[in-house]
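Asker: Below you'll find the structure I mean.
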Amino acid sequence: MTVEDPALERARERAKELRGFYGHLITYGLVCTLLVIIDLADNSASGTEFVGLSWAYWPIFGWGIAVALHAFKTFVGAGAGGWEERKAQELYEKEKQRDLIDH
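Going by the numbering used here, the sequence shown opens with residue 1, and the numbers climb by one from there.
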């Protein structure tokens, strides 16, 4: 059994988070494009259009909020994870000091 470098493990986890976000963003862009095309091709406009769209703006808006929250978690929330890592390291150092004093 090998012991992995904690920095390498954190880097892998960060890469996984970024891949997840960019996958979400690309899927959002493709699906929204398809929704707009379908909506514009649909000739049953009910007179309640918004920017030329009859209904597609609703899922685009709702899903856009989810993408924005995912972006916040990925890019801003990483700072919170940094705090957590620093705090864990600080507590670990205190525990090591306590073990040295006890022995």
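Glycine residues also receive a C-beta, built at the ideal position from the N, C-alpha and C atoms.
The model shown is predicted, which means the values in this text are computed figures rather than measured ones.
1. Would you kindly work out how many angstroms separate the C-alpha atoms of residue 101 and residue 87, rounded to a whole number?
2. Flag this pair as yes or no: are the beta carbons of residue 63 and residue 28 separated by less than 7 Å?
3. Considering only residues of the same chain and omitting the five flanking positions on each side of residue 5, which have a CB-CB separation below 6 Å?
4. Can you tell me where the alpha helix (DSSP H) with residue 27 in it begins and where it stops?
5. For the alpha helix (DSSP H) holding residue 58, just list the boundary residues, first then last.
6. Considering only the alpha carbon of each residue, which of 61, 72, 97 and 17 lies closest to residue 36?
Answerer: So, from the listed chains and residues:
1. 21 Å
2. yes
3. none
4. 6-41
5. 57-71
6. 61
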